[in-house]
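J.: Just dropping this structure here.
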Amino acid sequence: MSYNTLLLDTQSGITTLTINRPDKLNALNAEVLKEIGEAVRAFSEDSAAHIMIITGSGPKAFAAGADIVELHSRDGQTGADFSRYGQVVFDAIEASDKPIIAAVNGFALGGGCELSMACHMRFASANARFGQPEVNLGIIPGYGGTQRLPRLVGFAKAVELTISGNVIKADEALRIGLVNGVVEQEDLMQHVTEFAQLVLSKSQPAVRSSMRALMSFEREGGMEREAIEFGITCGTNDFKEGTLAFLEKRSANFTNS
Ligand code: COA
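To convert, count from 1 in the sequence shown and add 82; that's our numbering.
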């Protein structure tokens, strides 16, 4: 599949999705959102792809938010519809049982911050900036930000960021738990790729069961989901191999089956 606004590359099990509008700081217009939805669907169906990294093109931005040019023409009805559309796309990222990691290489503002929060983990470059500045435009976060931000950083900090529109630096994002780690920009993709390779060295059925169990965190039936997924992993060849390898004091050779 070819994309107008994204670069997609799958190598050795790792799919890298790069939003490719660097001259507009990778602002999320309708086409970008549609293509992200298509790319995530293709990733979930691709048996050769086990983990996705989402990043932005160029040295300045992950994504500087919803495209304000497009946004300007919305009214009450089309605004609500577009919010719902963005939510569906970002929910699909969050619902993936293959891990999706944001490599935040610069501005992650508004919808860009929301995109990063829909990913399962976030690593940031030292120059990254995070914020929900919608209040400056007379609107609010519309792609899940009011729900995901409090989950990640707690209610009071989410309120502070949302009603002030304040933009924070990467080290502050790390301090409040918004990101998993911060590295220099030139090291970011290498760092995230090494983490992805670590995950790839594990049993992928176990990784995916872990994801499904973790995603039921704080939801009704979460403990039962954990038990079901535990049972699924106990039925795999990788489980037999992993436990046998431990008993035989050697490394496991997983077949992802
Ligand atoms: N939507 C549409 N275009 C955007 C954009 C957005 N969210 N963010 C940046 N751009 C465009 C700018 O209009 C500019 O285009 P131009 O060269 O055709 O004029 C280009 O990207 C570069 O941005 P610029 O503002 O010149 O860069 P900067 O380094 O001076 O400032 C930011 C960077 C991120 C601080 C600034 O672009 C900004 O505040 N963007 C909007 C952030 C925002 O409010 N996001 C939430 C939207 S709901």
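Note that beta-carbon positions come from the ideal geometry of N, C-alpha and C, so glycine has one too. Computed from a prediction, not measured in an experiment: that's the story for all the values here.
(1) Could you check whether A190 and A148 sit closer than 8 Å to each other, using their CB atoms as the reference points?
(2) Taking the alpha-carbon positions, what's the F205 to A309 distance?
(3) Would you kindly report the start and end of the unbroken beta strand (DSSP E) that includes K251?
(4) May I ask you to list the residues that DSSP assigns as paired with R204?
(5) Please classify H202: is it buried, with 16 or more other beta-carbons within 10 angstroms of its beta-carbon, or exposed?
(6) Of the residues S139, G119, T97, Q159, which one's Cα is nearest the Cα of S129?
(7) So the beta strand (DSSP E) A145 belongs to, where does it begin and stop?
(8) Exposed or buried, which one is Q272 when buried takes at least 16 other CB atoms within 10 Å?
(9) Measure the C-alpha to C-alpha separation of A295 and S285 and round it to an integer number of angstroms.
(10) If you draw a straight line from the alpha carbon of N111 to that of F164, how long is it in whole angstroms?
(11) Measuring alpha carbon to alpha carbon, tell me which residue in R211, A124, I133 is nearest G194.
(12) Which residues in the same chain have their Cβ closer than 6 Å to the Cβ of R290, if we skip the five residues on either side of it in sequence?
(13) Shortest alpha-carbon distance to S246 belongs to which of I221, I258, G161?
(14) Where do the N-terminal and C-terminal ends of the alpha helix (DSSP H) with D320 fall, by residue?
T.: Taking the coordinates as given:
(1) no
(2) 30 Å
(3) 249-251
(4) A184
(5) buried
(6) T97
(7) 143-145
(8) exposed
(9) 15 Å
(10) 10 Å
(11) R211
(12) D179
(13) I221
(14) 319-329
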